[in-house]
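*Asks:* Dropping a structure here in structure tokens format, bear with me for questions.
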Amino acid sequence: MTDFIYVIVASSAAGILSLSIAVLLVQKASWSQYLIKFGTPFAAGVLLIASFRDLIPHGIDEKGSVILNATLIAILIFFLIEKGFKNFHHHHEEDLQSKRNSSQGWLFLVGDLFHNIVDGIALGSAFLINPGTGLIATIAIIAHDIPLELGEFGLQLKSGFTKRQVIIRNLLASSTMIIGAIFAFQLGSVIDLPLGYIYGGIGGFFIYIALSDIVPTIHTSEKTRYGLQTGFLLIGLIFGTFVSGFAHQYIDAGHVGHAGQAHDEDDHDDHDED
């Protein structure tokens, strides 16, 4: 029951925090551009750590190295999705400066809706491993979604939506992250899902976002060979490693200890009944 509450809190925080910061920062164009420019490389580092340090290793523990097939398939699937639906995933710096029409604003909203569902499924599945991995996934998703929401918020305003319309519609879109997280967690709790493959697939999703979209943007927009954007990518890697170590050392230790205590109490009760 405690893990289920974690899932609800984490998914709600991820959706609401991302949108709230976007609402605040969109008022300051210079701040918005700085966040997109430096926040997305930071997010890439956290996403890579979440994939290679948590999700894929846990998948291998479950099913062996065969889960890497799921990672590869996920990368290919999201490549085909983004290839077919250009509005599925955008958070580039130039998005805030381009003019778009209302139909494109709606397309970005639909893309955000789908993207939040996928994020929710990733989040709920991560909590099926343990709370520590769930925390890492939550931070990775928030770090990635804040610049994403900021860019889409600005685009929808430029498309002719009022600020109130954008906030309401994006709140509804963000709520799908909660639905996706609860669905994935509850389904994985009652049905014997191939979790190893799911973890590998989610890792592939995170890797695809980091390496296919964010890293190429650094190459094209960074004026010096190793500039601040590269630095923020490395900071994201270091930060993700630190948080991952902290989560598994303290959060998971407390979680296991609590579960072990409950198990001992059950054994004691059974012994008393005998």
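The numbering of the sequence shown is my numbering, which starts it at 30 and goes up by one.
Even for Gly, the Cβ is constructed at its ideal location relative to N, Cα and C.
Would you check if the distance between the CB atom of Gly153 and the CB atom of Ala213 is smaller than 7 Å?
*Replies:* yes
*Asks:* Counting C-beta neighbours from all protein chains within 10 Å, is the total for Gly189 16 or more, i.e. buried, or is it exposed?
*Replies:* Exposed: under 16 other Cβ atoms inside 10 Å.
*Asks:* Tell me whether the stretch 162-171 and the stretch 39-54 touch, counting them as touching only if at least three CB pairs, one residue from each stretch, are closer than 8 Å.
*Replies:* yes
*Asks:* Do you know offhand how far Val244's Cα is from Ser203's?
*Replies:* 25 Å
*Asks:* When you compare the stretch 246-256 with the stretch 93-100, are there three or more beta-carbon pairs, one atom per stretch, that lie closer than 8 Å?
*Replies:* no
*Asks:* Could you give the residue range of the alpha helix (DSSP H) that holds His87?
*Replies:* Ile85 to Lys92
*Asks:* So the candidates are Lys112, Ala155, Gly269 and Lys187; which of them puts its Cα closest to the Cα of Gly232?
*Replies:* Ala155
*Asks:* Quick check on DSSP: helix, strand or coil for Arg254?
*Replies:* Here Arg254 sits in coil by DSSP.
*Asks:* As a quick exercise: from Leu48, Leu224, Ile37 and Ser80, pick the residue whose alpha carbon is nearest that of Ile207.
*Replies:* Ile37
*Asks:* By the DSSP assignment, the alpha helix (DSSP H) with Asn159 in it spans what residues?
*Replies:* It is not in any alpha helix (DSSP H) - Asn159 carries neither H nor E in the DSSP assignment.
*Asks:* Glu178 to Leu46, Cα distance in whole Å?
*Replies:* Between Glu178 and Leu46, the C-alpha separation is close to 10 Å.
*Asks:* Drop a sphere of 10 angstroms on the beta-carbon of Gly269, count the other beta-carbons inside from all chains shown, and report buried for 16 or more, exposed for fewer.
*Replies:* Gly269 is classed as buried because its beta carbon has at least 16 other beta carbons within 10 Å across all chains shown.
*Asks:* Buried or exposed, going by whether 16 or more other CB atoms sit within 10 Å of the CB of Lys66?
*Replies:* buried
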